[in-house]
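S.K.: Okay, here's the structure, questions in a sec.
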Amino acid sequence: MSYCLYCHEPYSEAWSWEALIGLKQSPLLCQDCEGKLVRIKGEICRICGRDFSVFPEQYRQDDCCFDCIRWEENDTWTGILQQNRSLYVYNDYMKEMIAKLKYRGDAEVVKAFYPVVSSEFKRISRDALLVPISLSEERHYERGFNQAELLAGGLKKQVESLLKRKTHEEKQSKKTRVERLSQKENPFEVVDSLKVKGQEVILVDDVYTTGSTLRYAAKVLIEAGAKEVSSITLAR
Amino acid sequence: MRFVSLFLNNRLTIAPETLVNDSSLKAVPFFELPMVEQPPLNQTFRYDEKLQQILYGKQLLFDELSFTVDQIQLHYENGYVKYSIGISKTSNGYVCSRCGNEKSRLFAVFSCFRCKSDSCAYCRNCIMMGRVSECTPMISWCGPKVRWPLENNLLWNGELSSGQQLASQKFVEGIGSEGELLIWAVCGAGKTEVLFKGIEKALNLGLRVCIATPRTDVVLELAPRLKAVFPNSMVASYYGGSEERETKAQLVISTTHQMYRFKQAFNIMIVDEVDAFPYSYDQTLQHSVSLAVTPKHFLLYLSATPSKTMKKAAMNERLPCVKIPKRFHGFPLPVPKMVWGGEWKKRLERGKLPATFLKWLKAQAESGRRAMIFVSSVSVLEKLIELIRKEVDVPVDSVHSEDPLRKEKVIQFRNEDIQLLLTTTILERGVTVPFLDVAVFGADHDVFTESALVQIAGRSGRSKDDHDGKVLLFHYGKSLSMIQAINHIKNMNKEAGL
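Going down the list, the protein sequences come from chains A and B. Okay, so the first sequence: first residue is 1 according to our numbering, each after it adds one. Okay, so the second sequence: first residue is 1001 according to our numbering, each after it adds one.
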């Protein structure tokens, strides 16, 4: 008998030869919880990695969504973020899980995603510098941890905390898109430019919503000499 | 968080590292601090009354208080506030002092930015109320007591049925002494009124009372009624999202989970629907109750369907018990009728309804009477509602535990905007609607235990103008639970002399 890492209900795993001889990792979530999460598969936006199957067709142009086209058309942002790839659709259940992780502070929840993070992102992140999106000092203290750093931990690879968030601003989740896009000063700065120079960087964050946090972070990294910046997130 | 220990006025004391500007002092996680004597109460200190009100009888975290660390520390130094350890190590793991959890699978460690430890353990059982980790101090009040109003008159002149009268009397007798009492009252007996006299006596003796219930709906329903009958008393309700959590209250109506926030607060603890508590009477509930009550206390349990353990304790006279077998309106409880429904599961899969059920459904739709149709799972619910909508042309809807519109739909049902309401066992308790019939689709399923069926049957016949609503159990073979539930109801009617 195993207990679901998220809802704590007991569940039994489906029996299989693979599991018996140790080829398959045992699942960490019960079938109920797993079933409420939607993996992003199939056609996605070339840039932001959004799932086109749950996105209105009219906001799409070929393999790119209108939001990304808007970003790319703006000179300040052209090519700043190479691409983003996400694992799950940011549906109600995912929102609930992330809220429990971030706002209740249940750090353990993140481990439910480690197997998928590692199998899906290992290849993309092989030769890159892994940089989690940072929190301001105050927010980090309040939360006790940085969820992006925890998530990056799933890749079992050196994580470089090279970003510093200067100001303690209002939570992004409490701002509208217009507010997020209209902020002028970049909240991030690079801690150690030498480490970044000429490197391929992969940013790690929990959610890609409008993409502005990741682009601000990418911008300071490019300015510090990074060759190319892309990102991975848990949900989109 | 981290604290430093230092000498202040010749005494060893502790303080949060952020308040001390001395880099020569070594900051350590809270649980690693040496034992320090609690500072003596400084009588001349002007304490904050708001803090006293909020903290009195409780155990909270820094994060839960709207006071600064500075203000709280000042109360600590003057002996008005106590810090204690939230998570302690035991011989084979940890124990959470807030919720009492000792299961190792419900603890986890993380790299904590507050105490800088790589493995700060925290409790996952009560995480919904904010994280308690090894480095989290729990804050409680140890200054002067809060003063309650001297007069708490009961403003109610309703009449009690003879059964209610007896139970009320027993409760009143218990107030002021230590003990336990189970009031086993059928659905619709009128339990709330039974409590009034006892609560009045307790309040006037200066005792603090809590009514704990597993469901928020009940808190929301009870609080205004109690405030109305005790207009001079301090009454507050506690539930997730409640705005009264900082008000001074001698009488608290709380959900089970919120009880974790209290510590040695209540002289009288009333546990409503004791059999419906998460994880049952034995474990979590007993723990949270034992933390929330004062060392000397009186415990009152209310239930229509006590668990086996409780019934046994009552029979052996280990647990004093009063029964109220008769409903408030004096009419007998409707006895469920078993109806053969055939292989209902297979039929559903084939997109068909059992003939007997279909016949009842059509008649019910035509009669214009409301009905609740209980099913065993959400998947059955979804299949059944489609089939029902094809057969009858009346407003039909469904609810289950994760339905975001659950509250609204129950209101619509009450207002007769929905005639047939399909539901999982989530609505087996609490919903009281007059002129209602009840059907259980697939009553032989395991989820329909004896107590579930008794509760479900208890939904019907609640008003005196419609006291014999129908209860039908559509089944594919009688289950033991069905028979036990029917016997349970028949026995209660017999005991009531009906």
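We put the beta carbon where it would ideally sit given N, CA and C, even for glycine.
Kindly list, in the order they appear in chain B, the residues whose Cβ is closer than 8 Å to that of Tyr216 (chain A).
M.R.: For the purposes of this step, residue 216 (chain A) is identified with residue 216 of the first sequence, where counting begins at 1. Near Tyr216 (chain A) there are no residues of chain B at all, since even the closest Cβ is about 22 Å away, more than 8 Å.
S.K.: Do the stretch 1335-1342 of chain B and the stretch 1487-1498 of chain B meet, that is, are 3 or more Cβ pairs less than 8 Å apart?
M.R.: yes
S.K.: Closer than 9 Å by beta-carbon distance: list the chain E residues that pair up with Arg1327 (chain B), in chain order.
M.R.: Reference to chain E is not applicable here, since the protein chains of this structure are A and B.
S.K.: Taking Phe1298 (chain B) and Gly1174 (chain B) to be in contact with their CB atoms under 8 Å, please state how far apart those CB atoms are, rounded to whole angstroms.
M.R.: Start at 1 with the first residue of the second sequence, and residue 1298 (chain B) comes out as number 298. Start at 1 with the first residue of the second sequence, and residue 1174 (chain B) comes out as number 174. That pair is a contact at about 5 Å.
S.K.: Would you say Glu237 (chain A) lies against chain B (beta-carbon separation less than 8 Å)?
M.R.: Lying before the first or after the last residue shown, residue 237 (chain A) is absent from chain A, which here runs from 1 to 236.
S.K.: According to DSSP, is Asp1282 (chain B) part of a helix, a strand, or is it coil?
M.R.: Within the second sequence, residue 1282 (chain B) is the residue found at index 282, counting from 1. Confidence at Asp1282 (chain B) is low in this model, with a pLDDT of 46, below 50, so its placement is unreliable and the value that follows should be read with caution. Coil at Asp1282 (chain B), not helix or strand.
S.K.: Taking the alpha-carbon positions, what's the Ile124 (chain A) to Lys156 (chain A) distance?
M.R.: Here residue 124 (chain A) refers to the residue found at position 124 of the first sequence. Here residue 156 (chain A) refers to the residue found at position 156 of the first sequence. Whole-angstrom Cα-Cα distance: 14 Å.
S.K.: If the criterion is Cβ atoms closer than 8 Å, does the pair Ala99 (chain A) and Phe145 (chain A) meet it?
M.R.: Working through the first sequence from its first residue, we reach residue 99 (chain A) at position 99. Working through the first sequence from its first residue, we reach residue 145 (chain A) at position 145. Cβ distance not < 8 Å, so Ala99 (chain A) and Phe145 (chain A) don't count as in contact.
S.K.: Near Gln83 (chain A), which residues of its chain fall below 6 Å by C-beta distance, leaving aside the five closest residues on each side in sequence?
M.R.: Within the first sequence, the letter at position 83 stands for residue 83 (chain A). If the five residues before and after Gln83 (chain A) are omitted, its C-beta is found closer than 6 Å to the C-beta atoms of Ile47 and Ser230, all from its own chain and listed in chain order.
S.K.: Any chance you could list the alpha helix (DSSP H) runs of at least 4 consecutive residues sitting entirely within the stretch 1181-1258 of chain B, in chain order?
M.R.: 1191-1204 and 1216-1229
S.K.: Per DSSP, what kind of secondary structure is Gly1179 (chain B) in: helix, strand or coil?
M.R.: Counting from one through the second sequence, the residue named residue 1179 (chain B) turns up at place 179. In the three-state DSSP reduction, Gly1179 (chain B) falls in the strand class (E or B).
S.K.: Could you tell me whether any Cβ in chain A is nearer than 8 Å to the Cβ of Ala1108 (chain B)?
M.R.: Position 108 of the second sequence holds residue 1108 (chain B). So, interface residue.
S.K.: According to DSSP, is Gly1100 (chain B) helix, strand or coil?
M.R.: Taking the first residue of the second sequence as 1, we reach residue 1100 (chain B) at position 100. Residue state, collapsed to three classes: coil.
S.K.: Which of the three DSSP states is assigned to Pro1434 (chain B) in this structure?
M.R.: Along the second sequence, read from residue 1 onward, the residue named residue 1434 (chain B) stands at position 434. Correct three-state label for Pro1434 (chain B): coil.
S.K.: In three-state terms, what does DSSP make of Val1172 (chain B)?
M.R.: Taking the second sequence and counting its residues from 1, one reaches residue 1172 (chain B) at position 172. Here Val1172 (chain B) sits in helix by DSSP.
S.K.: Where do the N-terminal and C-terminal ends of the alpha helix (DSSP H) with Trp1344 (chain B) fall, by residue?
M.R.: What you label residue 1344 (chain B) is simply residue 344 of the second sequence in a count that begins at 1. From DSSP, the alpha helix (DSSP H) with Trp1344 (chain B) extends over Trp1344 to Glu1349.
S.K.: Could you tell me the boundaries of the beta strand (DSSP E) in which Tyr114 (chain A) lies?
M.R.: To locate residue 114 (chain A), count along the first sequence from 1; it is residue 114. Tyr114 (chain A) -> not in any beta strand (DSSP E); alpha helix (DSSP H) instead, spanning Tyr114 to Phe121.
S.K.: I need the DSSP call for Lys164 (chain A), collapsed to helix, strand or coil.
M.R.: Taking the first residue of the first sequence as 1, we reach residue 164 (chain A) at position 164. It is a strand residue.
S.K.: Quick check on the DSSP output: the beta strand (DSSP E) that includes Thr233 (chain A) runs from which residue to which?
M.R.: For the purposes of this step, residue 233 (chain A) is taken as residue 233 along the first sequence, with counting starting at 1. That run of the beta strand (DSSP E) goes Glu228 to Ala235.
S.K.: Decide if Cys7 (chain A) is buried, meaning its Cβ has at least 16 other Cβ atoms within 10 Å, or exposed.
M.R.: Taking the first residue of the first sequence as position 1, residue 7 (chain A) is located at position 7. So Cys7 (chain A) ends up on the exposed side.
S.K.: Between the stretch 196-209 of chain A and the stretch 149-164 of chain A, do at least 3 Cβ pairs fall closer than 8 Å?
M.R.: Result yes; three or more Cβ-Cβ pairs closer than 8 Å.
S.K.: Under 6 Å Cβ to Cβ from Val1095 (chain B), same chain only, skipping five residues before and after it: list those, please.
M.R.: Here the question's residue 1095 (chain B) lines up with position 95 in the second sequence. Only Ser1088 and Glu1102 meet the Cβ criterion.
S.K.: Using a Cβ-Cβ cut-off of less than 9 Å, give me the residues of the stretch 1118-1133 of chain B that come near chain A, in sequence order.
M.R.: Cys1120, Tyr1122, Arg1124, Asn1125, Ile1127, Met1128, Met1129, Gly1130, Arg1131 and Ser1133
S.K.: Taking 8 Å as the threshold, find out whether the stretch 1339-1353 of chain B comes into contact with the stretch 1410-1419 of chain B through three or more Cβ pairs.
M.R.: no
S.K.: For Trp1156 (chain B), count neighbouring Cβ atoms within 10 angstroms of its own Cβ and tell me buried if that reaches 16, exposed if not.
M.R.: Counting from 1 along the second sequence, the entry for residue 1156 (chain B) is found at position 156. Answer is exposed; the Cβ neighbour count stays below 16.
S.K.: Please report how far the alpha carbon of Arg1429 (chain B) lies from the alpha carbon of His140 (chain A), in whole angstroms.
M.R.: Here residue 1429 (chain B) refers to the residue found at position 429 of the second sequence. Here residue 140 (chain A) refers to the residue found at position 140 of the first sequence. Those two C-alpha atoms are separated by around 43 Å.
S.K.: If I follow the unbroken beta strand (DSSP E) through Cys1123 (chain B), where does it start and stop?
M.R.: As a position in the second sequence, residue 1123 (chain B) is number 123, starting the count at 1. Taken as a continuous stretch (DSSP letters only), the beta strand (DSSP E) holding Cys1123 (chain B) covers Cys1120 to Cys1123.
S.K.: Give the DSSP bridge partners of Tyr11 (chain A), in chain order.
M.R.: Walking along the first sequence from the start, residue 11 (chain A) turns up at place 11. Tyr11 (chain A) is bridged to A:Ser2.
S.K.: Could you pull the DSSP bridge partners for Asn74 (chain A) from this structure?
M.R.: Taking the first residue of the first sequence as 1, we reach residue 74 (chain A) at position 74. Bridge partners of Asn74 (chain A): none, in fact.
S.K.: By DSSP, does Ile1085 (chain B) sit in helix, in strand, or in coil?
M.R.: Locating residue 1085 (chain B) in the second sequence gives position 85, where the first residue counts as 1. Residue state, collapsed to three classes: strand.
S.K.: I'd like to know whether the C-beta of Arg104 (chain A) is nearer than 8 Å to at least one C-beta of chain B.
M.R.: As a first step, residue 104 (chain A) must be located in the first sequence, where it is residue number 104. Yes, its Cβ sits closer than 8 Å to a Cβ of chain B.
S.K.: Thr1044 (chain B): which of B:Asp1070, B:His1075 and B:Leu1012 sits nearest, CA to CA?
M.R.: Residue 1044 (chain B) sits at position 44 when you count from the first residue of the second sequence. Per the Cα distances, B:His1075.
S.K.: Assuming His1475 (chain B) and Gly1341 (chain B) are in contact, meaning their beta carbons sit under 8 Å apart, how far apart are those beta carbons, in whole angstroms?
M.R.: Residue numbering aside, residue 1475 (chain B) sits at position 475 when the second sequence is read from its first letter. Residue numbering aside, residue 1341 (chain B) sits at position 341 when the second sequence is read from its first letter. That belief holds up - the Cβ atoms of His1475 (chain B) and Gly1341 (chain B) are roughly 6 Å apart, short of 8 Å.
S.K.: Report the rounded CA-to-CA distance for Cys30 (chain A) versus Glu43 (chain A), giving the unit in angstroms.
M.R.: Taking the first sequence and counting its residues from 1, one reaches residue 30 (chain A) at position 30. Taking the first sequence and counting its residues from 1, one reaches residue 43 (chain A) at position 43. If I take the Cα positions, the gap works out to 27 Å.
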